[in-house]
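Residue numbers (this note's numbering), protein chains in the order written: chain Z, 1 to 176; chain C, 177 to 296.
Pasting the structure below:
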């Protein structure tokens with residue numbers, strides 16, 4: 001059974017207490033608060049992800065592995081990601097953002113940037129963020145992980161068995 | 177932004193990126209590899225034949241050919257390896273009668289050991 005959120009009722013003196021009201025107001029709302037809409041992707045792919053894009057593009061533009069959809073009740077949504085990256089040039093940039101229903105949450109150069117201290121996997125570097133998206137109406141919303149770099153190529157290790165870099169990034173969203 | 181999608185072929189992404197950038201100029205926004213696909217990103221409103229030219233670059237792409245940056249990195253690595261080989265064994269402070277020179281040699285050897293440790 002999918003539990004939905006019911007706007008808390010303002011009770012008045014002498015009002016009859018019905019089982020249906022108690023179930024909706026207490027049981028279901030508590031269940032909803034314990035397990036709000038949530039979606040998680042932990043990566044364990046056949047190959048790592050790579051990009052040379054200098055503008056924000058989807059990290060997984062092929063089968064939307066990193067596109068998460070939840071149906072919210074109008075609350076804010078927590079978005080989190082962590083992953084390990086390397087770049088083919090020293091000081092290569094790793095810029096991350098999240099597209100929410102087609103609009104970038106950060107915009108400009110994204111939500112966060114990591115600069116890789118040296119070229120190659122010897123300087124593999126963890127980048128993570130937790131962000132909040134407010135102002136969403138109740139309904140279905142889609143969150144996509146986006147990235148850009150400064151040219152050459154940026155790699156996200158995705159549990160593909162790369163020796164010494166078989167890391168498993170997570171991307172998740174949760175209504176709060 | 178427009179996207180061209182191809183099954184992930186064997187490729188040298190740095191070299192392909194360099195070739196696409198040279199061929200397409202401002203119309204080119206980069207390329208990405210997912211586990212399944214190669215995606216070429218083109219700016220919207222780019223030249224009409226950009227897609228055709230991108231496909232030609234991909235057809236002609238040789239994954240064994242290095243990009244200019246990769247060639248430079250390879251040359252730097254070779255030069256460094258040659259310099260290391262030429263440097264040979266560490267100088268022995270006992271070979272220097274002048275205590276100031278011997279102290280300098282000990283210090284150089286210590287710094288070389290620190291650098292070696294940092295390189296891992």
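For glycine and all other residues, C-beta sits at the position ideal for the given N, C-alpha and C.
These numbers come from a predicted model, not from an experiment.
Next on the checklist: Beta carbons nearer than 9 Å to chain C: which residues of the segment 62–77 of chain Z have them?
Outcome noted: Within the segment 62–77 of chain Z, those residues whose Cβ lies closer than 9 Å to any Cβ of chain C are, in chain order, 62, 63, 65.
Next on the checklist: By alpha-carbon positions, which one of Z:117, Z:24, Z:137 ends up nearest to residue 126 (chain Z)?
Outcome noted: Nearest C-alpha to residue 126 (chain Z) among Z:117, Z:24, Z:137: Z:117.
Checklist entry - Does any residue of chain Z bring its CB to less than 8 Å from the CB of residue 184 (chain C)? => result True, the Cβ-Cβ gap to chain Z drops below 8 Å.
Checklist entry - What's the gap between the Cα of residue 37 (chain Z) and the Cα of residue 100 (chain Z)? => result Cα to Cα, residue 37 (chain Z) sits roughly 15 Å from residue 100 (chain Z).
Checklist entry - If we cut at 8 Å on Cβ distances, does residue 200 (chain C) have a partner in chain Z? => result For residue 200 (chain C), the answer is no, since every Cβ of chain Z falls outside 8 Å of its Cβ.
Item to check | Spatially closest choice to residue 272 (chain C) from C:282, C:265, C:236, by CA coordinates | outcome: Ranking C:282, C:265, C:236 by Cα distance to residue 272 (chain C) puts C:282 first.
Checklist entry - What in chain C is Cβ-close to residue 124 (chain Z), meaning under 9 Å? => result Chain C residues near residue 124 (chain Z): none, gap ~13 Å exceeds 9 Å.
Next on the checklist: Run through chain Z and tell me which residues come within less than 8 Å of residue 193 (chain C), C-beta to C-beta.
Outcome noted: Here the neighbours are 52, 151, 152, 153.
Next on the checklist: Suppose contacts are defined by Cβ-Cβ distances below 8 Å. Is residue 135 (chain Z) in contact with residue 72 (chain Z) by that definition?
Outcome noted: In this structure, the beta-carbon distance from residue 135 (chain Z) to residue 72 (chain Z) does not fall below 8 Å.
Checklist entry - Can you give the Cα-Cα distance for residue 204 (chain C) and residue 7 (chain Z), rounded to whole angstroms? => result Computed Cα separation, rounded: 50 Å.
Checklist entry - For residue 108 (chain Z) versus residue 146 (chain Z), is the C-beta spacing smaller than 8 Å? => result Going by C-beta atoms, residue 108 (chain Z) is not nearer than 8 Å to residue 146 (chain Z).
Checklist entry - How close, in whole Å, do the beta carbons of residue 28 (chain Z) and residue 9 (chain Z) come, if the pair is a contact with beta carbons under 8 Å? => result That pair is no contact at about 12 Å.
Checklist entry - DSSP state of residue 187 (chain C), grouped into three classes? => result In the structure shown, residue 187 (chain C) sits in coil (DSSP, three-state: anything other than H, G, I, E or B).
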